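Residues in the sequence shown are numbered consecutively from 0, following numbering that gives the first Met the number 0.
Don't be surprised by glycine CBs; every beta carbon is placed ideally from N, CA and C.
The structure presented is a predicted model; accordingly, all values stated were derived computationally and were not measured.
Structure, as structure tokens:
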Amino acid sequence: MLTLENQQHILTVLREDWKRRQKLCTITLICYIVHMLYLLRFMSTRVDKSISHTLVGREQIRATLMQQLRETHRCRDILRMGPDAFLQLCEKLRATRQVRDTKHVTVEEQVARFLYIIAHNVKTRTVSFFYHRSGETVSRHFHAVLRAIILLEDEFLRQPSASIVSPAILHNHRFYPYFKDCIGAIDGTHFRVKVPIADQPKFRGRKDWPTQNVLAACDFDMKFTYVLTGWEGTASDSKVLKNALSRDDNLKLPRGKFYLGDAGFMLKYGLITPYRSVRYHLKEYARRGPENEKELFNLRHASLRNVIERSFGVLKKRFAIITSGTEPHYDFETMTEIVLACCILHNFLMGVDPDPHLIAQVDRELQENNPEVDEVVRHEQDEDYRRGAILRDEIAAQMWADYQLGL
């Protein structure tokens, strides 16, 4: 039997052993915590470096892309304009304050992505892949640039001055003085749109798919002076023109001046159309010249009015997004804004970077292609029509008299 002293000794030994074990556990736990903290710090450092490396790599890719666009001949192929024109456009858009440089994205990159989309009709996800940006970022910047371009409408879509005779008329004996009061040409064209199934019948006119009928006027420098978008494909050019003349931002017909239109429009004092049932397409005169005053008028009328077809041709060649054979990626409202933006960009480029090779290509195609058959319009015999007919007959008679004299 243990004595009291032995029991106390055993208790003392057990207490000391417990304290040693407690210290050992505490030290082990501290070492474990220190080890884990070190490991977490090491791992976070590696992750940060990996992310940083990835971000740096992406920035280098973007910088390389932008450098290639600005400093090589590929800029015109990719963005439809040369480097100088691109930088000028960026400065104009930056001035609108709709697009701004941010910490990670420059205005130049935002504009380049926008131009690439409308020039080649590519999807947001494609641009997102090449520029290593999220789809949301690409889409947001696209709409910001679109808004900025539309803000330039007043600067680049100006209606012509009524007091100036165009040099294209003034310095050409075939047109002057007969068309001295002509300030431009008008026509409509169709661009494919995406609309709800219920609305498709009223948008499906000339084509097998829904389109919007866009009315445009241009001067003889191939710049658009008026653009009206958003009309259904089934609407006739004359109906759209009537609306354009009645709007608050209306198409202006200065007193004593007139536009040229094709046979799809109603003859008016301010809109001179060719004689009906008489040759009036340029290709029809390829084998024999005009034989009377009406044919001569139609020939020169078509030669001068051809500027609107050339303008449309260059516009469509530059921006595939409005001429694609597939359904657009954007809704109807956005597509109307895109068409307007493309017209504004067209005018900007005709002033700073007209691209003669592109214009020559369009001219060759217009000469080779068969003309479209224009819709038949029943003219109401109102006073405006009679005044237009009188003006047309006077021009034709004077033109024919001079033609016979060899002038």
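For the alpha helix (DSSP H) containing residue i, name the first residue and the last one.
i: Gln-109; result: 106-119
i: Thr-136; result: 134-149
i: Ser-162; result: Segment: none, Ser-162 is in no alpha helix (DSSP H) and carries neither H nor E.
i: Asp-383; result: 382-403
i: Phe-155; result: 152-155
i: Lys-201; result: 199-202
i: Tyr-130; result: 123-130
i: Arg-304; result: 292-317
i: Val-338; result: 331-351
i: His-356; result: 355-367
i: Asp-247; result: Here Asp-247 belongs to no alpha helix (DSSP H), and DSSP marks it neither H nor E.
i: Leu-78; result: 73-78
Check whether the Cβ atoms of residue i and residue j sit closer than 8 Å, and answer yes or no.
i: Val-144; j: Leu-92; result: yes
i: Thr-228; j: Thr-335; result: yes
i: Gly-232; j: Thr-210; result: yes
i: Ile-271; j: Ala-184; result: no
i: Arg-99; j: Phe-141; result: no
i: Ile-116; j: Val-126; result: yes
i: Gln-360; j: Lys-315; result: no
i: Thr-63; j: Leu-150; result: no
i: Asp-236; j: Phe-190; result: no
i: Ile-148; j: Ile-343; result: yes
i: Gln-97; j: Arg-146; result: yes
Tell me residue i's beta-bridge partners as DSSP assigns them.
i: Lys-267; result: Leu-270
i: Arg-191; result: Thr-210
i: Ala-94; result: According to DSSP, Ala-94 bridges with nothing at all.
i: Asp-186; result: Ala-215
i: Cys-24; result: Bridge partners of Cys-24: none, in fact.
i: Cys-181; result: Phe-257
Ends of the beta strand (DSSP E) at residue i?
i: Thr-228; result: 223-231
i: Phe-257; result: 257-259
Hey, how far is the Cα of residue i from the Cα of residue j?
i: Tyr-274; j: Phe-318; result: 34 Å
i: Leu-156; j: Tyr-225; result: 6 Å
i: Asp-247; j: Tyr-384; result: 24 Å
i: Trp-399; j: Phe-296; result: 8 Å
i: Met-80; j: Leu-365; result: 23 Å
i: Leu-240; j: Glu-382; result: 18 Å
i: Lys-48; j: Glu-58; result: At Lys-48 the pLDDT is 44, less than 50, meaning the model places this residue with poor confidence; the figure from the coordinates comes in the next sentence. So the alpha carbons of these two residues sit roughly 15 Å apart.
i: Val-192; j: Asp-207; result: 12 Å
i: Glu-332; j: Leu-339; result: 11 Å
i: His-52; j: Thr-25; result: With a pLDDT of only 42 at His-52, under 50, the local geometry of the prediction cannot be trusted, and the value read off the model is given with reservation. Approximately 40 Å between the Cα atoms of the pair.
i: Asn-171; j: Arg-299; result: 11 Å
i: Asp-153; j: Phe-85; result: 20 Å
i: Ala-388; j: Glu-135; result: 56 Å
i: Ala-161; j: Pro-253; result: 6 Å
i: Pro-159; j: Leu-357; result: 25 Å
i: Lys-238; j: Gly-269; result: 16 Å
i: Glu-15; j: Gln-7; result: 12 Å
i: Ile-182; j: Lys-251; result: 11 Å
i: Glu-294; j: Phe-311; result: 25 Å
i: Phe-129; j: Leu-390; result: 58 Å
i: Leu-303; j: Phe-223; result: 15 Å
i: Val-55; j: Leu-114; result: Interpretation of Val-55 is limited by its pLDDT of 49, a score under 50 that renders its predicted location unreliable; no figure is taken from the coordinates.
i: Cys-341; j: Thr-325; result: 18 Å
i: Arg-73; j: Ala-243; result: 39 Å
i: Asp-220; j: Leu-88; result: 20 Å
i: Asp-362; j: Arg-309; result: 7 Å
i: Val-372; j: Tyr-402; result: Any reading at Val-372 needs caution, since the residue's pLDDT is 46, under 50, leaving its predicted position unreliable; the model's value is listed next. Approximately 29 Å between the Cα atoms of the pair.
i: Arg-20; j: His-131; result: 57 Å
i: Val-351; j: Pro-82; result: 11 Å
i: Gly-405; j: Ala-167; result: 21 Å
Please tell me whether, using a cut-off of 7 Å, the distance from the CB of residue i to the nearest non-hydrogen atom of the ligand HEM is below it.
i: Met-221; result: This structure lacks the ligand HEM, and indeed carries no ligand of any kind.
- [ ] Please confirm if the segment 212-225 is in contact with the segment 286-302, defined as three or more CB-CB distances below 8 Å between the two stretches.
- [x] These segments do not touch.
Task: the segment 92-110 / the segment 344-352 touching (three or more Cβ pairs under 8 Å) - done: No, the segment 92-110 does not touch the segment 344-352.
TODO: Examine the Cβ distances between the segment 252-261 and the segment 192-205 and report whether three or more of them are shorter than 8 Å.
DONE: The segment 252-261 is not in contact with the segment 192-205.
Open item on the list: Taking contact to mean 3 or more Cβ pairs, one atom from each stretch, closer than 8 Å, check whether the segment 171-178 and the segment 387-399 are in contact.
Closed with: In short, these stretches touch, since the Cβ pair count reaches three.
- [ ] Please confirm if the segment 309-326 is in contact with the segment 115-130, defined as three or more CB-CB distances below 8 Å between the two stretches.
- [x] Contact holds: three or more Cβ-Cβ distances are below 8 Å.
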